[in-house]
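Quick notes on the structure that follows.
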Amino acid sequence: MKDLFDKIYKDKGPLGKWAEQAEGYFVFPKLEGPISNRMKFKGQDVITWSINDYLGLANHPEVRKVDAEAAAKWGSAYPMGARMMSGHTDLHEQLQRELAAFVQKEAAYLLNFGYQGMVSTIDALVSKDDVIVYDVDAHACIIDGVRLHLGQRFTYRHNDMESIEKNLQRATKVAEKTGGGILLISEGVFGMRGEQGKLKEIIELKKKYNFRFFVDDAHGFGTLGKTGAGAGEEQGVQDGIDVYFATFAKSMASTGAFIAGDEEIMNYLKYNLRSQMFAKSLQMVLVEGALKRLDMLRTMPELKEKLWENVDALQGGLKKRGFDIGTTQSCVTPVYLKGSIPEAMALVKDLRENHGIFCSIVVYPVIPKGLILLRMIPTATHTMQDIEETLEAFSAIRERLENGTYKRLSAAVAEAMGEKI
Ligand SMILES: Cc1ncc(COP(=O)(O)O)c(C=O)c1O
């Protein structure tokens, strides 16, 4: 019989196998200094393009002040226990009311973390006779939520209306047999490539098919729509979203998340969300901090305006220089280049060490083999100088990629890793 830990000793998993070459640099890097457009990496100044602090609130003096005062007032423990048992407060309810109003829904309910909250919400919304239909490129938390489902599930091709409709037809057939209903899940903004989910077209399908629509708007909340209410507001269809989800981990620069929808749905979830019923309540420091951040989202439209000024300058500049930024329709800014994993490693080293640019790198198996994705998240704290320097650096690395410099630099690494370049 096998030892359960065999796999741990022999195979570190698809990402873990790169640990020796990548850890501390490409993965688990340590960015130091106050969270901002420029931080330190291994002692060197870098322009940071990989933190999701869209509106620049993480280190905003007003936010820091409220966070510090709340910590002094409540400590980090208050309240103790789950909401249902002993961890419920007026401020939790106030935050829910304000979040609901902000995203134009009747009611909201707080989640301690986006990831586990999403898993739990999917779990609470379906039972075994129901059918889930979801995008093949969905975030890991959606996939894990679907994994808990005991009934049928269908994936559709990414953002493909023909595939969505075909899978709704299949789901309808199953649901008619089992006597269940259908839950369709999309993201408001897909976090890797930056495309918006086709919320408007999907909601249009409600005229033909009977389903409920759940949207994970982690990247849309605070960044899209006239008031910042997200991708649904941007597309003019917020009403057609039955359950809306957003995390505090991006525009709100904090920890926690929420769902929003009709009061009756929120009341049901309040009594059925296992991640909240059996876990300690969101700490007061985070609740008070979220109230402050939400107030800033409401009253300081200049933050979103500055963000978009930067997004337009960065994306426009990249396009002008002939870079492939795919089909993004949001602040998420991907740059697609052609190259092997070892080449990508040499390129990122060059970007960080010789140009002072820190952005995330995504390679196979997350994207197809032979492609390198450099993913940038512009924020309201970036300056035109940051953008200019970044554009110059990108032109320089593209030239070196094309003239084979990285191939030469990475030949030894490639051989050691058994990778073809
Ligand atoms: C699309 C999406 N959904 C959910 C989450 C999880 O949120 P959290 O970080 O609050 O757990 C993330 C990442 O933060 C995300 O990008």
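Counting with my numbering, you get residues 1182 to 1602 for the letters of the sequence shown. Idealized CB from N, CA, C, for every residue including glycine. Quick caveat, the model's predicted, so the values are computed rather than measured.
Would you kindly check if the distance between the Cβ of residue j and the Cβ of residue i is under 7 Å?
i	j	result
Ala1289	Ala1441	yes
Ser1432	Leu1590	no
Asp1311	Gly1362	yes
Val1327	Gly1369	no
Val1543	Arg1556	yes
Leu1475	Glu1346	no
Phe1504	Val1516	yes
Ala1438	Gly1585	no
Pro1523	Ala1595	yes
Ile1313	Arg1334	yes
Thr1562	Ser1231	no
Leu1349	Tyr1390	yes
Leu1582	Gly1520	yes
Asp1443	Glu1287	yes
Leu1528	Tyr1452	no
Quick check on the burial criterion: 16 or more other C-beta atoms within 10 angstroms. Buried or exposed for residue i?
i	result
Met1447	buried
Pro1549	exposed
Leu1499	buried
Leu1329	exposed
Ser1462	buried
Ile1189	exposed
Ser1308	exposed
Ser1267	exposed
Asp1187	exposed
Leu1331	exposed
Leu1196	exposed
Asp1192	exposed
Glu1414	buried
Asp1531	buried
Arg1374	buried
DSSP three-state call for residue i: helix, strand or coil?
i	result
Gly1551	coil
Arg1393	strand
Thr1229	strand
Ala1239	coil
Gln1510	coil
Lys1519	strand
Glu1445	helix
Leu1454	coil
Lys1246	helix
Arg1338	coil
Val1284	coil
Lys1211	coil
Ser1435	coil
Return the chain-ordered list of same chain residues with a C-beta closer than 7 Å to the C-beta of residue i, the five sequence neighbours on each side being excluded.
i	result
Pro1215	Asn1240
Leu1276	Leu1291, Val1468, Ala1471 and Leu1472
Glu1376	Asn1340, Thr1508, Thr1509 and Gln1510
Phe1459	Ala1263
Met1220	Leu1212, Glu1213, Gly1214, Val1227 and Thr1229
Phe1222	Pro1210, Leu1212, Arg1533 and Phe1539
Asp1318	His1339 and Phe1371
Of the residues the options, which one's Cα is nearest the Cα of residue i?
i	options	result
Met1265	Leu1454, Val1327 and Gly1205	Leu1454
Ala1434	Gly1413, Ile1366 and Thr1404	Thr1404
Phe1392	Arg1351, Gly1497 and Lys1407	Arg1351
Lys1353	Gly1372, Leu1386, Phe1371 and Gly1498	A small fix is needed here, since residue 1353 is Thr in this sequence, not Lys. Nearest of Gly1372, Leu1386, Phe1371 and Gly1498 to Thr1353, Cα basis: Leu1386.
Met1477	Glu1243, Asp1187 and Thr1229	Glu1243
Thr1480	Thr1509, Ala1525, Lys1407 and Gly1503	Lys1407
Ala1603	Asp1531, Leu1196 and Phe1294	In this structure the chain extends from 1182 to 1602, so residue 1603 is not present and cannot be described.
Ile1384	Arg1374, Asp1184, Gln1416 and Gly1268	Gln1416
Glu1250	Ala1577, Gly1197, Val1466 and Arg1579	Val1466
Tyr1257	Val1317, Leu1484, Ser1541 and Gln1464	Checking the sequence, you will find Ser at residue 1257 rather than Tyr. Ser1257 has its Cα closest to that of Gln1464, out of Val1317, Leu1484, Ser1541 and Gln1464.
Leu1238	Ala1527, Pro1195 and Leu1488	Leu1488
Glu1570	Glu1583, Leu1582 and Arg1533	Arg1533
His1536	Leu1554, Asp1567, Ile1506 and Leu1552	Asp1567
His1269	Lys1485, Glu1201, Asp1531 and Gln1457	Gln1457
Tyr1206	Ala1525, Met1565, Ala1281 and Arg1579	Ala1525
Pro1559	Glu1486, Glu1580 and Lys1588	Glu1486
Leu1484	Gln1225, Arg1502, Asp1234 and Gly1224	Asp1234
Ser1301	Leu1554, Arg1579, Trp1255 and Phe1426	Phe1426
Arg1579	Tyr1545, Lys1183 and Ile1553	Ile1553
For residue i, which residues of its own chain have a beta-carbon under 6 Å away from its beta-carbon, when the five flanking residues on both sides are left out?
i	result
Glu1382	Met1342
Phe1394	Leu1365, Ile1422 and Asp1423
Leu1450	Tyr1290 and Ala1305
Phe1575	none
Tyr1296	Cys1322
Asp1248	Gly1470
Tyr1259	Met1465
By Cβ distance, which residues of its chain are closer than 8 Å to residue i, with the 5 residues on each side in sequence left out?
i	result
Ala1410	Phe1283, Val1284, Gln1285, Phe1402 and Gln1419
Gly1372	His1320, Ala1399, His1400 and Val1513
Lys1379	Asn1340, Met1342, Ile1345 and Ser1367
Ile1303	Ile1313, Ile1323, Gly1326, Val1327, Leu1329, His1330, Leu1364, Ile1366 and Phe1395
For ligand 2, any of its heavy atoms closer than 6 Å to the Cβ of residue i?
i	result
His1320	Absence of ligand 2 from the depicted structure is noted, with ligand 1 being the only ligands included.
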